[in-house]
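*Asks:* Structure in C-alpha cells, see below.
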Amino acid sequence: MTVTAYSFTGLSLRIATEAIAQTVTDWYDTNARDLPWRQPDASPWSVLVSEVMLQQTQVSRVEPAWHRWMERWPTPAHLAADPPGEAIRAWDRLGYPRRALRLHACATAIVERHDGEVPDDVDALLALPGIGMYTARAVAAFAFRQRHPVVDTNVRRVVARVVEGAADGGAATTPADLRAVEVLLPDDHEAAARASVAFMELGAMICTARAPRCAACPLTTVCAWRLAGSPPADGPSRRTQRYHGTDRYVRGLMMAVLRASDEPVPLGRLDEVWPDAQQRQRALDGLLADGLVRRRGAMVTLPG
DNA sequence: TACTCGTGGCG
DNA sequence: TCGCCAAGAGT
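Counting in the UniProt record's numbering, the first sequence runs from 1 upward without gaps.
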C-alpha cells in the first residue's frame, strides 16, 4: 500500500497518513534513544536548552554539555544572573558560540517578559532571541505537549522520501513544509507531540542522509522513494563548505583562547593564532560586532 | 534568497 | 583520507 494508491479521496488519504504517524510512533516506543531531555519530568527550560544546543550539533556532543549546563543553571533566572561570558565559556566547543550568547539573552528575556517561566505558545517563543521557526515549535510540542508541525532537517527528509518519493528535502520552504507535516499529525495533541519526536528520531537513526537503513525502517513497504527504487537526488548538489583557513576557523581559534582564560587577554595573544593579519582583523571585528568579545584598550575579554 | 556562523563524527 | 553533514537562526 502506498499513500498515492489511497489518495483518490481525501478520506482515504487521511487514513493512510494517520497510519504513517501511528506506525512511526509505535516504532519510536520501542526504539527511541533514552535522552535526558525526553524524560517526562524534564522542565520546559531544559527542553529549550537542549533544542538550542542541538541546532546543527550532534546529540553525542550535546549530551554532556547539557548535563553540566542544567546543573549550573537549572532555571532561566540562574543563567540570567550570570554574565553572558560565562555562558560562552560553558558552551565550550559545541560550535556557533553566538547560540550561547543568544541563549543567555533568551534567559534574560524570559525573566523580564515571562516572570522567569518559559512561555508555552509559539508566538511568544518565536519572539525570544535564538528561537526560530523550528525551535519554537519543538519547545511547544515537546515541553508543553502541543500539536504543532515540528520541521527540522530530519523531518523534511523523511517526508520528502516517504510522501514525495524524493531523495532529500531540497531547499527549505517553510510554509509548505509546515503544511506537509501538519497533515501527517494525529488530531490528539499528545499523540501529535509523540509523532513529531518520532518522525525526528526516524530521520536521525534510520532515514539518514547518507546511508539510510531502509531494512530496519517501519515504513519501508510504504515509502514512495523506496518504491520508486531509491532514485538519487536530482537537484544541484549543495555547495561544499570548507572550514580550515576560513574566517570562521580563525574566529574559532580566537574564541578558544578567550574561553581558556579567566582574565583579559592581550591582543598580542590573538595575533599568535593565525599568520594572516588581515584575516585576523576581519575575525576579531566580526567577534566584536557579534558581542562575543569585548575590547578594553589592548586587552580583550569575553563579555561580562 | 542566499549567505554567514564552529566543531567534530562518520562513511 | 576527506568531503558531507549535523534537532537552525539571523540578516
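Idealized CB from N, CA, C, for every residue including glycine. Everything numeric in this text was worked out from a predicted model, so none of it was measured.
At what residues does the beta strand (DSSP E) containing residue 173 begin and finish?
*Replies:* Unbroken run through residue 173: none, as it is neither H nor E.
*Asks:* Can you check the region 60 to 133 for any beta strand (DSSP E) of at least 3 residues that lies completely inside it and give the ranges in chain order?
*Replies:* The region 60 to 133 contains no whole beta strand (DSSP E) run of 3 or more residues.
*Asks:* With residue 288 and residue 258 assumed to form a contact (beta carbons below 8 Å), what rounded beta-carbon distance in angstroms separates them?
*Replies:* Not a contact, Cβ separation roughly 12 Å.
*Asks:* When the Cα of residue 231 is compared with those of 53, 165 and 52, which residue comes out closest?
*Replies:* If we check each option's Cα against that of residue 231, 165 comes out closest.
*Asks:* What separation, rounded to the nearest whole angstrom, lies between the Cα atoms of residue 222 and residue 162?
*Replies:* C-alpha separation (whole angstroms): 7 Å.
*Asks:* Quick test of the definition: if touching needs 3 or more C-beta pairs under 8 Å, does the region 28 to 42 touch the region 196 to 209?
*Replies:* Because the criterion of three Cβ pairs below 8 Å is met, the region 28 to 42 and the region 196 to 209 touch.
*Asks:* Give every residue of the same chain whose Cβ lies closer than 8 Å to the Cβ of residue 4, excluding the five residues on either side of it in the sequence, and list them in chain order.
*Replies:* In this prediction, residue 4 has a pLDDT of 42, which is less than 50 and means its spatial position is unreliable; what the coordinates show is noted afterwards. Hits under 8 Å: 224.
*Asks:* To the nearest angstrom, report how far apart residue 68 and residue 176 are at their CA atoms.
*Replies:* One C-alpha to the other measures close to 38 Å.
*Asks:* Kindly give me the distance between the Cβ atoms of residue 62 and residue 54, rounded to whole angstroms, as I take these residues to be in contact under 8 Å.
*Replies:* At roughly 6 Å, the Cβ-Cβ gap stays under 8 Å, so residue 62 and residue 54 are in contact.
*Asks:* Which whole-angstrom value is the C-beta distance of residue 284 and residue 255, which I expect to be below 8 Å?
*Replies:* Between residue 255 and residue 284 the Cβ distance is about 11 Å, and since that is not below 8 Å, they are no contact.
*Asks:* Which whole-angstrom value is the C-beta distance of residue 80 and residue 107, which I expect to be below 8 Å?
*Replies:* Residue 80 to residue 107, Cβ: 4 Å. Contact.
*Asks:* Based on Cα-Cα distance, which residue from 116, 117, 110 and 138 lies nearest to residue 127?
*Replies:* Considering only alpha carbons, the answer is 110.
*Asks:* Can you list, in chain order, the residues of its chain with a C-beta nearer than 7 Å to that of residue 158? Leave out the 5 residues immediately preceding and following it.
*Replies:* If we look at residue 158 and ignore the five residues flanking it on each side, its Cβ neighbours are 199, 202, 203 and 207.
*Asks:* Which word fits residue 171, buried or exposed, when buried means at least 16 other C-beta atoms lie within 10 angstroms of its C-beta?
*Replies:* Exposed: under 16 other Cβ atoms inside 10 Å.
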